[in-house]
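These protein sequences, in sequence, are chains A and B. By my numbering, the letter at position 197 of the first sequence is numbered 200, and the numbering carries on one by one without gaps. By my numbering, the letter at position 177 of the second sequence is numbered 180, and the numbering carries on one by one without gaps. Each remark here refers to the structure printed beneath this line.
Protein chains: 2
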Amino acid sequence: MSRRRGEKVSDLTTQRLSLYLRCLEELDRQGTDTISSQHLADRFHFSSAQIRKDLATFGEFGVRGVGYSVGKLKVSLIRILGLDREVGVVIVGAGNLGMALADYGGFNQKGFRIVALFDVAPGKVGGASRSGAPILHLSRLGEVASGQKVQIAVVAVPAAAAQSAADAAAGAGIPALLNFAPARLRVPPSMTLRNVDLRTQMVSLAYRLAATRRSAGPRRDHL
Amino acid sequence: MSRRRGEKVSDLTTQRLSLYLRCLEELDRQGTDTISSQHLADRFHFSSAQIRKDLATFGEFGVRGVGYSVGKLKVSLIRILGLDREVGVVIVGAGNLGMALADYGGFNQKGFRIVALFDVAPGKVGGASRSGAPILHLSRLGEVASGQKVQIAVVAVPAAAAQSAADAAAGAGIPALLNFAPARLRVPPSMTLRNVDLRTQMVSLAYRLAATRRSAGPRRDHL
């Protein structure tokens with residue numbers, strides 16, 4: 004795969020841009036017209052220099068002494084992040100996790116549309132999520148994916164079934180995979196894979212608690 | 004809140020340590036005795052310099068020319084991350100998301116124990132997750148939290164109910180909160196709050212797809 008122009012921006016930057024967008028949407032709802040990088044920074048515990056650097060990558064947005072226009076910056080970020088066109092999403096696996104994701108606030112709005120869930124269990128196929136996305140048989144993935152221009156497949160099956168779910172998505176020509184299963188997947192080089200490890204945040208919290216214990220208790224060896 | 008010794012290590016470092024641990028667990032299962040920082044780096048697309056820097060923070064682990072002992076490093080990371088003592092976890096909300104998290108691979112093992120789920124719906128209270136965690140009435144949170152030394156409350160309720168779930172956890176004296184609801188929560192200063200935004204990863208994927216389109220299509224303005 005050749006190197007692409009857009010890939011120079013790191014995932015961490017993209018994640019920060021996504022957070023800025025959430026903040027701007029909130030400010031917009033509250034009727035705020037302009038905001039300084041310092042205010043944005045305070046809100047998300049970033050440095051204002053970081054924000055200015057991130058946004059400068061994409062052009063000049065701020066006005067010195069005035070700050071950013073909330074409305075304009077929001078629209079720009081939506082465009083930068085590729086959310087100005089609706090992205091079709093399917094969820095493979097209609098168990099608890101798949102159903103939760105189908106109804107998750109933000110998954111099925113603002114740039115994303117959950118086209119359908121897919122499963123093989125007879126008791127599930129033919130049903131629908133609370134938000135109205137139909138549950139279809141996995142054998143129909145290819146047909147639906149090409150007809151509805153699906154761009155992201157979310158893998159929400161148990162670890163043991165994750166590779167065959169990924170294979171089905173690849174076979175259906177879906178270009179990107181968001182994997183929630185705690186399994187390492189092999190995908191074709193043309194496919195973009197992102198793994199979500201829900202455990203990482205729990206571990207990070209456990210670390211904070213342990214650090215608190217260590218500093219509160221008697222001083223120990225530095226391991 | 005006073006500055007604590009352990010807090011000097013950033014969340015990003017903690018998340019990387021958590022990833023290293025996962026990799027080491029896999030290597031250990033496969034019977035690998037030693038691994039170089041380069042091999043670890045290749046596996047997770049980090050730089051080997053980054054790995055050496057992260058681990059050097061906690062002492063000297065590697066042997067030049069030999070690499071790290073997989074078993075020893077694993078045990079050290081478990082200790083550093085605070086996973087050598089079992090952390091009691093409760094999940095507030097026994098809907099699809101709460102039930103999915105209760106059975107999620109890795110959430111209920113290796114350092115974490117799901118003590119119970121809590122809900123108020125009569126149809127749910129009295130039931131259990133597939134993994135056997137009981138669903139109790141939310142009014143019992145305080146009693147269970149103090150009796151079972153619960154340290155983390157996972158918020159898995161809709162956005163509108165998230166603040167009262169957080170308040171209940173704070174009232175029960177639980178020191179840390181892992182919030183999956185797409186809502187901004189207010190917690191007492193003594194409480195550690197971590198927000199998990201499931202949407203961020205979707206946005207990051209959408210960005211990659213947009214970047215691919217931009218580079219494949221005719222050259223456009225830099226916005």
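For glycine and all other residues, C-beta sits at the position ideal for the given N, C-alpha and C. This structure is a prediction, so every number in the text was calculated from the model and none was measured.
**Prompt:** Is DSSP giving residue 195 of chain B helix, strand or coil here?
**Reply:** The residue given as residue 195 of chain B occupies position 192 in the second sequence. Of the three classes helix, strand and coil, the one that applies to residue 195 of chain B here is strand, per DSSP.
**Neighbour list for residue 85 of chain B in chain A, Cβ cutoff strictly below 7 angstroms** = Translated into positions along the second sequence, residue 85 of chain B becomes position 82. Ordered by position in chain A, the residues that pass the 7 angstroms Cβ test against residue 85 of chain B are 209, 210, 212 and 213.
**Item:** Cut-off 6 angstroms between Cβ atoms - residues of its own chain near residue 127 of chain B, not counting five sequence neighbours on either side
**Value:** Here residue 127 of chain B is taken as the residue at index 124 of the second sequence, counted from 1. Within the same chain, residue 127 of chain B has close Cβ partners 97 and 138.
**Message:** Quick check: residue 24 of chain B and residue 94 of chain B, are their CB atoms within less than 8 angstroms of each other?
**Reply:** Residue 24 of chain B sits at position 21 when you count from the first residue of the second sequence. Residue 94 of chain B sits at position 91 when you count from the first residue of the second sequence. No, Cβ-Cβ distance for residue 24 of chain B and residue 94 of chain B is not below 8 angstroms.
**Asked** Whole beta strand (DSSP E) runs in the segment 110-139 of chain B with 3 or more residues, listed along the chain?
**Response** Counting whole runs of 3 or more residues, the segment 110-139 of chain B contains the beta strand (DSSP E) stretches 115-122.
**Asked** Along chain B, in chain order, which residues have C-beta atoms closer than 7 angstroms to that of residue 14 of chain A?
**Response** One-based indexing of the first sequence puts residue 14 of chain A at position 11. Those are 207, listed as they occur along chain B.
**Message:** residue 37 of chain B and residue 68 of chain B - do their beta-carbons sit closer together than 8 angstroms?
**Reply:** Position 65 of the second sequence, counted from the first residue, corresponds to residue 68 of chain B. Position 34 of the second sequence, counted from the first residue, corresponds to residue 37 of chain B. The answer is no: Cβ separation not under 8 angstroms.
**Prompt:** Can the beta-carbon of residue 158 of chain A be found closer than 8 angstroms to that of residue 21 of chain B?
**Reply:** Translated into positions along the first sequence, residue 158 of chain A becomes position 155. Translated into positions along the second sequence, residue 21 of chain B becomes position 18. By the CB criterion at 8 angstroms, residue 158 of chain A and residue 21 of chain B fall outside the cutoff.
**Asked** Do you know offhand how far residue 149 of chain A's Cα is from residue 156 of chain A's?
**Response** Sequence index remark: in the first sequence, residue 149 of chain A carries index 146 (1-based). Sequence index remark: in the first sequence, residue 156 of chain A carries index 153 (1-based). Using only the alpha carbons, I get a separation of about 12 angstroms.
**Message:** For chain B, check one thing: does any of its Cβ atoms lie closer than 8 angstroms to the Cβ of residue 137 of chain A?
**Reply:** One-based indexing of the first sequence puts residue 137 of chain A at position 134. By this cut-off, residue 137 of chain A is not an interface position.
**Inter-stretch contact (C-beta, 8 angstroms, three-pair minimum) for the segment 194-213 of chain B and the segment 188-203 of chain A** = Yes, the segment 194-213 of chain B touches the segment 188-203 of chain A.
**Contact belief for residue 232 of chain B with residue 195 of chain A at Cβ below 8 angstroms, rounded distance in angstroms** = Nothing can be reported for residue 232 of chain B, as the shown portion of chain B is limited to 4 through 226.
**Prompt:** Between the C-alpha atoms of residue 258 of chain A and residue 192 of chain B, what's the straight-line distance to the nearest angstrom?
**Reply:** What is shown of chain A runs 4 to 226, which leaves residue 258 of chain A out entirely.
**Request:** Quick one: residues in its chain with C-beta nearer than 7 angstroms to the C-beta of residue 173 of chain B, no 5 flanking neighbours on either side, listed in chain order?
**Result:** As a position in the second sequence, residue 173 of chain B is number 170, starting the count at 1. Counting only Cβ-Cβ distances below 7 angstroms, and skipping sequence neighbours, we find 190, 191 and 194.
**Item:** Length of the line joining the Cα atoms of residue 165 of chain A and residue 87 of chain B
**Value:** In the first sequence, counting from the first residue as 1, residue 165 of chain A sits at position 162. In the second sequence, counting from the first residue as 1, residue 87 of chain B sits at position 84. Using only the alpha carbons, I get a separation of about 30 angstroms.
**Prompt:** Mind pulling the chain B residues with CB within less than 8 angstroms of residue 107 of chain A?
**Reply:** Position 104 of the first sequence, counting from 1, holds the residue named residue 107 of chain A. By Cβ distance, chain B contributes 100, 185, 201 and 202.
**Among A:142, A:129 and A:147, nearest to residue 117 of chain A - alpha-carbon criterion** = Here residue 117 of chain A is taken as the residue at index 114 of the first sequence, counted from 1. In terms of CA proximity to residue 117 of chain A, A:147 leads the group A:142, A:129 and A:147.
**Message:** Between A:32, A:90 and A:122, which has its C-alpha nearest residue 151 of chain A's C-alpha?
**Reply:** Here residue 151 of chain A refers to the residue found at position 148 when the first sequence is read from its first residue. Nearest of A:32, A:90 and A:122 to residue 151 of chain A, Cα basis: A:90.
**Prompt:** Around the C-beta of residue 35 of chain A, are 16 or more other C-beta atoms found within 10 angstroms, so that it is buried, or is it exposed?
**Reply:** Here residue 35 of chain A refers to the residue found at position 32 when the first sequence is read from its first residue. Exposed, by the Cβ-count rule.
**Message:** Measuring only the C-alpha atoms, how far is residue 133 of chain A from residue 101 of chain B?
**Reply:** Counting from 1 along the first sequence, the entry for residue 133 of chain A is found at position 130. Counting from 1 along the second sequence, the entry for residue 101 of chain B is found at position 98. Taking C-alpha positions only, residue 133 of chain A is separated from residue 101 of chain B by approximately 16 angstroms.
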